[in-house]
DNA sequence: CTGCTTGACTTGACTCATTCCAGATAGTGC
DNA sequence: GCACTATCTGGAATGAGTCAAGTCAAGCAG
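Chains as they are written, first to last, in the numbering used here: chain A, 24 to 183; chain B, 24 to 183.
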């Protein structure tokens with residue numbers, strides 16, 4: 024939470040170097056933020072990171088997210104109609120629950136054993152390399168609220 | 024293809040009236056276009072419809088698509104990183120193959136019988152009402168092209 | 001420790017899909 | 001045929017994300 028280096032930071036540094044990337048304050052801060060707040064939007068990450076580092080350009084946020092996603096350190100989720108979200112849980116192919124109301128996103132391990140849907144019956148000649156599953160519904164708070172009351176971009180994300 | 028009313032038009036008119044919607048030229052033209060060109064983008068639909076009717080505002084396109092989607096006559100697909108696409112095949116919950124290169128979309132019936140993934144193992148309190156499955160890969164033409172050569176928005180869509 | 005090289009960050013303009021607004025037009029029920 | 005109002009037109013605006021040019025600093029060689 025403070026700006027002090029942590030054990031987690033050291034781990035991130037190692038991953039960054041392993042990927043041939045430089046270790047910079049914005050990168051450490053973004054990865055640290057995502058460790059605490061998975062499924063954050065680029066915008067929410069920007070807010071969180073600026074709280075720690077003072078000022079970071081939006082462009083830097085997008086750049087870091089793009090580079091780390093390309094390096095396989097992050098996974099990008101883009102629910103239809105909502106801005107992209109990022110998470111550090113990579114490698115397994117777990118899926119996601121997305122709230123139609125507020126866009127809140129949660130992990131969902133696949134129901135039917137391992138990768139149940141990775142083989143469509145008719146692939147039309149496509150070379151399929153990934154099956155993405157999104158479960159749409161309403162999150163607990165939107166359910167109790169009846170109406171999706173907190174449609175604000177990501178207040179609750181920032182403190183989730 | 025011509026502007027002449029067809030049997031299909033009559034069917035669409037019925038559905039529109041059943042939904043309490045007015046029957047207008049843009050609506051018939053859009054539904055007719057989608058019958059021949061499923062998975063078209065709003066933009067491609069606009070081009071196609073203007074070829075038949077002369078001039079239709081972008082706004083009308085989006086309005087018709089929105090209204091018909093709300094009425095359950097159309098289904099909207101929004102692959103991450105690509106503009107939304109629309110199709111008339113509704114009611115069944117089939118899934119989609121999306122090309123990472125050109126965005127070309129095709130239908131895929133789910134491999135594991137009916138709605139295999141509709142029950143995530145851990146729903147985190149979400150009230151899930153739909154499971155959306157997208158198979159990502161490369162379409163035949165992008166495969167043979169090696170590189171996704173035809174990245175143009177939707178030329179090939181318009182003549183698919 | 002110092003200076004250099006090149007990858008990373010800043011700033012600001014821009015694209016693209018989509019939506020909002022106000023006013024004109026044209027389906028539908030009477 | 002007429003009135004009512006849903007629907008369409010045109011133009012401007014929004015929000016997420018990208019591009020480009022220039023400045024800065026991480027990390028290596030000396």
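Where is the CB? At the ideal position from N, CA and C, for every residue including glycine.
If you're wondering where the values come from, they're calculated on a predicted model, not measured in any experiment.
- Identification of chain B residues near residue 148 (chain A) by a Cβ-Cβ cut-off of 8 Å yields 162, 163 and 166, ordered along the chain.
- Just so you know, the alpha carbons of residue 132 (chain A) and residue 109 (chain A) end up roughly 17 Å apart.
- Residues of chain B with a Cβ closer than 8 Å to the Cβ of residue 154 (chain A) are, in chain order, 156, 157, 158 and 159.
- The Cβ atoms of residue 128 (chain B) and residue 60 (chain B) do not sit closer than 8 Å to each other.
- Look at residue 122 (chain A): its C-beta is under 8 Å from a C-beta on chain B.
- At a C-beta separation below 7 Å, residue 101 (chain A) has these neighbours in chain B: 103 and 104.
- An exposed status is given to residue 33 (chain B), since fewer than 16 other beta-carbon atoms sit within 10 Å of its beta-carbon.
- Not a single C-beta of chain A is nearer than 8 Å to the C-beta of residue 94 (chain B).
- Where residue 166 (chain A) is concerned, the enclosing alpha helix (DSSP H) starts and stops at 163 to 168.
- Apart from the 5 residues on each side of it in sequence, residue 46 (chain A) sits with its Cβ closer than 6 Å to the Cβ of 36 and 39 in its chain, given in chain order.
- Counting only Cβ-Cβ distances below 9 Å, residue 52 (chain B) has no contacts in chain A at all, with the closest Cβ about 25 Å away.
- Straight-line measurement puts the Cα of residue 81 (chain B) at about 10 Å from the Cα of residue 87 (chain B).
- At a cut-off of 8 Å between beta carbons, residue 131 (chain B) contacts chain A.
- Setting aside the 5 residues that flank it on each side, residue 90 (chain A) is surrounded in the same chain by 44, each with a C-beta closer than 7 Å to its C-beta; the list follows chain order.
- With a threshold of 8 Å between beta carbons, residue 86 (chain A) makes no contact with chain B.
- Only residues of its own chain outside the window of five on either side were considered, and among them 35 have a CB closer than 6 Å to the CB of residue 54 (chain B), listed in chain order.
- Per DSSP, reduced to three states, the secondary structure at residue 73 (chain A) is helical.
- Contact annotation, residue 149 (chain A) with residue 151 (chain B): C-beta distance approximately 27 Å; criterion of less than 8 Å not satisfied.
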